[in-house]
Amino acid sequence: MKTKTPLAIVAVILFACLAYAQSVPPRPSRYDENAGPPSRDINIQSITVNYGGVNRNVFFYLPSTYQTGTAVPLVFAFHGTTGNAAVMYASAKGIPQKAEAEGFIAVFPNGLPLPNGGNGFQWMDEINVPYVGFLIDQLQARFTIDARRIYLIGFSGGSQLCQRVASDPTQSKRIAAIGTVAGSAGYQPGAGQPFIITDPNASGQAQAMSAFMVQGALDPVNPINGGPNLDGFVQLSFADKINFWTKFINANLTEPIVVTQAPTNATATKYSNAQTRLTLIGLVDPLLAHAWPRWDVTTAIWDFFKSVPTR
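Those letters in the sequence shown? Residues 93 to 403, by our numbering.
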């Protein structure tokens, strides 16, 4: 004969389970959990280009104020590994909306297909560095671009691409500043393979530029202190990335600052060169995992771009 559990006991058990679930922090996501669906009222256009014998899709947002003959800034937004362009033009990030409000052209390229298949893309191949220059040429042929105001934004693997383009002697000359979320200053292509460091100072020929870098303290893919990540691949620390860049811009001033869009518990430091006005902002969000922040980092990065020297 089955006995019935009193409702009071059931209620206590459910309450205890709920309290436990709320007390245990969620496991950080390996991917960008703050993508969200594309906005239906945003007119995202696309073109297909052929580079290196591969057809690649490039999506872009053209602000309604654009007029041929009037030069406007150009902002690239690079998705993370296994992501795609739609992740970057999703409403949650607000990049097309910012492009409309500020009058710049926002570009969302897809990387190369993942080697093991799937629907995502990646930026690991070295061909992607000159590919960015190729895209700049293609867009300049179509639109009136302010060549002194070309910017890069990237998440995770797209962040690494930003750093690699900025470190390239040829491509760095065309970029005014970068903004990155997550992403190490280098990468390990595969298990057992050597770590490839992306130091913008290495060639001695890359042209310095400003940068806004965001790091999550709970990021398991690009750990803030470096070392093996959740996949067992070695990463450099956020401090290493900052040190590379302060040397790159020859920073001689350091001061803590407040980024108004960021949470109050975030810490931000400004490194700058008093003579050239080149600037680095390094921001640590203590509760951020491997995801695009839920605070308005897009506005923070764009306001930063507007404040630093053009190319």
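Ideal Cβ positions, reconstructed from N, Cα and C, are used throughout, including at glycine.
If the five residues before and after TYR363 are omitted, its C-beta is found closer than 6 Å to the C-beta atoms of THR338, ALA343, THR346, LEU372, all from its own chain and listed in chain order. A straight-line Cα-Cα distance of about 27 Å links SER264 and PRO385. When Cβ pairs closer than 8 Å are counted between the two stretches, the segment 269-289 is seen not to touch the segment 190-199, the count staying below three. Around the beta carbon of SER138, fewer than 16 other beta carbons lie within 10 angstroms, which makes this residue exposed. Contact between VAL306 and LEU375 holds: their C-beta atoms lie close to 5 Å from each other, under 8 Å. Within the DSSP bridge table, the entry for ASP291 names no partner. Taken in chain order, the complete alpha helix (DSSP H) segments of 4 or more residues contained in the segment 305-341 are 330-340. For GLN285, the closest C-alpha among the options SER248, MET301, PHE325 is that of PHE325. Two segments are said to touch when three or more pairs of C-beta atoms, one from each, lie closer than 8 Å; by this definition the segment 164-179 touches the segment 197-208. For PHE396, the uninterrupted alpha helix (DSSP H) run begins and ends at 389-399, by DSSP.
Contact between the segment 207-222 and the segment 158-169 is absent: fewer than three C-beta pairs spanning the two stretches fall below 8 Å.
Scanning its chain for C-beta atoms nearer than 6 Å, with the 5 sequence neighbours on each side dropped, one finds around SER259 the residues THR290, PRO292, ALA298, in chain order.
By alpha-carbon distance to ASN317, the top candidate from SER329, ASP311, ALA309, ASP323 is SER329. Bounds of any beta strand (DSSP E) do not take in LYS265, whose DSSP letter is neither H nor E. Following the DSSP letters along the chain, one finds PHE226 inside the alpha helix (DSSP H) bounded by residues 220-234.
One thing to note: PRO378 has its Cβ within 9 Å of the Cβ of LEU310. With respect to the 9 Å criterion, PHE152 and VAL199 are classified as neighbours on the basis of their beta carbons. The residues ALA360, in chain order, have a CB closer than 8 Å to that of VAL350 in the same chain once the five nearest residues on each side in sequence are set aside. Looking at the backbone, the Cα of VAL273 and that of LEU370 are separated by about 19 Å.
DSSP, read as helix, strand or coil, puts SER251 in helix. With a contact defined as Cβ atoms closer than 8 Å, PHE397 and TYR243 qualify at about 5 Å. One thing to note: ASN135 has its Cβ within 9 Å of the Cβ of LEU154. DSSP places ILE134 outside any beta strand (DSSP E), giving it a letter other than H or E. Annotation for THR157: GLY195 place their beta carbon closer than 6 Å to its own, counting only its chain and skipping 5 residues before and after. Of GLY144, ILE288, GLY212, ILE197, the smallest CA-CA separation from ALA177 is found for GLY212.
Excluding sequence positions up to five before and after ARG240, its CB lies within less than 7 Å of the CB of ALA268, THR402, ARG403, all in the same chain and listed in chain order. In the structure shown, GLN189 adopts helical secondary structure according to DSSP, grouped into three states.
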